[in-house]
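The block underneath contains the structure these notes are about, expressed in structure tokens.
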Amino acid sequence: MIQVTVEPLKGLEHRLSIAFPSVQIEDEVRNKLVDIAKNRNFDGFRKGKVPIKIVSSMYGEAIRQDVLDQTMRRYFFEAVEKEKLNLAGIPKFSPLNKGEASTLIFTATFEVYPNIDLNGLDMLTFEKPSVQVRDEDLEEMIETLRKQKTHWIDIDTVAQKGTRVVIDFVGLINGEAFEGNKTENFSLEIGSGHLLSSFEESIIGKVAGESFESEVVFPPEYHIENLRDKRAKFRITLKKVKIPQVPEINDEFLTKFGVLNGDLNTFRIEIRKNMEREVRERTRKRLKDQVMAALINQNQVDLPRALVDREMNFLYQQAVKVGSATANILDLTRKQCSPELFEEKAKYKVLASLILNKVIKYEKIKVDDNKVQLLIKDLAAAYEEPSKIVTSFNQNEQMMNSIRDLALEEQAIDMIVSKATVVDKEISFKELMHLK
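So in full-length UniProt numbering, spot 93 of the sequence shown is number 93, and the numbers just go up one at a time.
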């Protein structure tokens with residue numbers, strides 16, 4: 001006789017206890033040992049004639065453990081299905097205990113998914129940005145693109161704010177080197193705030209070829225704990241001073257944006273198309289953010305810790321991967337990094353995913369292949385050869401699965417918006433670009 005007990009613990013955590021006759025284990029272990037004795041060859045014995053005690057001494061412990069593991073998992077998942085528990089994450093099994101009358105008892109702790117409330121979707125109101133790309137917006141964008149293609153040229157002048165310098169430096173604390181204290185050919189725009197301000201200011205007024213010292217004090221909130229409030233001396237060699245040169249709009253400039261015929265009108269048309277695509281994407285994101293904010297606001301629920309931890313570690317690994325290439329001892333943009341820094345973002349992403357999955361399931365939304373192809377087309381439009389990108393996506397199953405998931409999310413958002421009240425609000429292109 002199998003006995004199952006489910007006990008709610010803190011939050012989403014539950015404990016499931018299962019008691020079952022130990023004879024089931026012993027019978028299955030013996031059957032497996034007999035099967036091995038019959039079908040395997042043992043030195044000194046004819047096939048099928050080896051004593052069961054010898055087989056047990058060789059394989060008994062491993063087989064018993066395997067049978068116990070399989071039995072616990074089988075009974076656990078049967079109980080979860082019978083009790084209609086919505087399991088989240090991997091259960092943790094406790095060691096087996098002996099109960100009364102030759103009974104074995106095991107327990108498993110696990111989390112379940114929270115209940116998501118989708119009531120009142122038709123009572124929601126969202127604000128949709130209404131934006132026209134004006135001629136003056138186009139001209140500003142072209143000027144921005146020119147600045148993005150700025151070329152830095154060497155010049156025989158003093159370093160000042162707005163110039164870019166190339167330096168070597170070595171730092172010491174009390175005459176001792178420290179981790180990351182030495183860098184060569186480091187490029188820095190003076191006034192950018194990329195490095196400690198006292199370090200940057202010591203370079204102002206110097207010329208290429210000059211070597212000098214700079215004394216800095218690491219701030220008390222510095223991201224490397226053992227350098228906080230420490231005074232360091234840096235020996236700096238200024239190798240180059242550069243000034244920005246913004247390119248003219250000519251054939252060479254237009255070619256960089258894929259306009260090979262040198263036609264300025266073609267360039268303007270393409271830039272306007274890109275801006276209008278950006279308007280569509282940002283308008284869409286603005287609506288999605290409002291939808292998710294509304295649904296998250298009405299679903300302040302506990303979240304499965306296992307899902308939050310997994311997402312938190314994923315975000316952390318992404319940050320480490322991106323940050324490792326730019327790490328520098330003086331770089332104030334880097335913070336002491338740990339998975340816990342991403343906990344709030346991880347919680348948001350997990351809850352958003354749970355809500356959208358509930359919408360998809362509740363509304364029985366199926367992926368729309370036309371939507372998938374439109375998303376691929378939009379993504380490909382940002383590349384020089386969109387047709388090749390479209391082909392690449394369609395031939396890569398992993399990428400296609402990601403796009404299908406995105407399409408389902410988009411369809412869920414569309415469904416929610418269709419039930420809500422949407423109010424258009426006219427704003428400028430610049431205002432849209434600055435919306436958070």
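Beta carbons are placed, not taken as given, at the ideal position from N, Cα and C, and that holds for glycine.
Extent of the continuous beta strand (DSSP E) to which residue i belongs
i	result
Asn185	182 to 189
Ser130	125 to 130
Beta bridge counterpart(s) of residue i as assigned by DSSP
i	result
Val372	BP columns for Val372 are empty, so no partner.
Ser214	Phe234
Leu16	Val6, Ala108
Asn97	Ile105
Lys240	Val166
Thr421	Thr125
Glu426	Ser130
His151	Gln245
residue 438	Only positions 1 to 436 of the chain appear in the structure, and residue 438 is not among them; the question remains open.
Leu87	Val112
Arg220	Before going further, note that residue 220 is Pro rather than Arg in the sequence given. For Pro220, which the question treats as bridged, DSSP gives no partner whatsoever.
Pro21	Thr103
Lys92	Thr109
Beta-carbon proximity list for residue i, same chain, < 7 Å, skipping 5 on both sides
i	result
Glu384	Gly258
Lys240	Asp154, Val165, Val166, Ala208
Glu210	Leu238
Val422	Phe126, Lys128
Leu330	For Leu330, the pLDDT reaches just 48, beneath the cut-off of 50, and the residue's location in the model is therefore unreliable, although a value from the coordinates is still provided. Correct list, in chain order: Leu195, Leu196, Phe199.
Glu409	Leu356
Lys147	Val246
Lys288	Ile413
Val390	Ile376, Lys377, Ala380
Arg305	Glu111
Thr326	Here Thr326 scores only 48 on pLDDT, less than 50, and its place in the model is too uncertain to base an answer on.
Terminal residues of the alpha helix (DSSP H) in which residue i lies
i	result
Leu104	Element bounds for Leu104: not the alpha helix (DSSP H) but the beta strand (DSSP E), 103 to 112.
Glu252	251 to 255
Glu179	Unbroken run through Glu179: none, as it is neither H nor E.
Glu200	197 to 201
Arg46	No alpha helix (DSSP H) holds Arg46; DSSP gives it neither H nor E.
Thr157	Here Thr157 belongs to no alpha helix (DSSP H), and DSSP marks it neither H nor E.
Pro386	386 to 394
Met1	Element bounds for Met1: n/a, residue is neither H nor E.
Asn297	264 to 297
Tyr75	52 to 82
Leu354	343 to 362
Contact belief for residue i with residue j at Cβ below 8 Å, rounded distance in angstroms
i	j	result
Pro129	Thr266	Not really, about 28 Å apart at Cβ, beyond 8 Å.
Asn401	Ile116	In fact, because the Cβ distance is near 24 Å, the residues do not count as touching under 8 Å.
Pro247	Trp152	Between Trp152 and Pro247 the Cβ distance is about 12 Å, and since that is not below 8 Å, they are no contact.
Val131	Phe429	6 Å
Leu96	Gly60	Actually they do not touch by this definition, with Cβ atoms about 16 Å apart.
Glu213	Arg231	No, Glu213 and Arg231 are not in contact; Cβ-Cβ is about 13 Å, not under 8 Å.
Glu215	Lys242	Contact doesn't hold; Cβ gap of about 26 Å is too wide.
Val322	Pro114	About 32 Å; that fails the 8 Å criterion.
residue 444	Tyr75	What the structure shows of the chain is the stretch from 1 to 436, and residue 444 is not part of that stretch, so it cannot be assessed.
Gln411	Lys371	6 Å
Val350	Leu406	So it is not a contact: roughly 17 Å between Cβ atoms.
Val158	Val279	Actually they do not touch by this definition, with Cβ atoms about 44 Å apart.
Asp14	Leu85	Contrary to the premise, residue 14 reads as His rather than Asp in this sequence. Sure, about 7 Å apart at Cβ, within 8 Å.
Leu172	Asn181	7 Å
Residues near residue i by beta carbon distance below 6 Å, same chain, minus five either side
i	result
Gly48	Lys38
Asp378	none
Met415	Glu363
Glu83	Val6
Val80	Leu87
Ser102	Ser22
Val50	Ala37, Phe42
Lys10	none
Residues near residue i by beta carbon distance below 8 Å, same chain, minus five either side
i	result
Gly191	Lys161, Gly162, Glu200
Ser94	Phe106, Thr107, Ala108, Thr109
**Prompt:** Are at least three pairs of beta-carbons, each pair with one atom in the stretch 58 to 68 and one in the stretch 81 to 94, less than 8 Å apart?
**Reply:** These segments do not touch.
**Item:** Touch test, the stretch 36 to 51 against the stretch 107 to 124, Cβ-Cβ under 8 Å, three pairs minimum
**Value:** Because the criterion of three Cβ pairs below 8 Å is not met, the stretch 36 to 51 and the stretch 107 to 124 do not touch.
**Asked** Does the count of Cβ pairs from the stretch 354 to 364 and the stretch 338 to 345 closer than 8 Å reach three?
**Response** Not touching, per the Cβ criterion.
**Asked** Does the count of Cβ pairs from the stretch 167 to 174 and the stretch 272 to 281 closer than 8 Å reach three?
**Response** Result no; under three Cβ-Cβ pairs closer than 8 Å.
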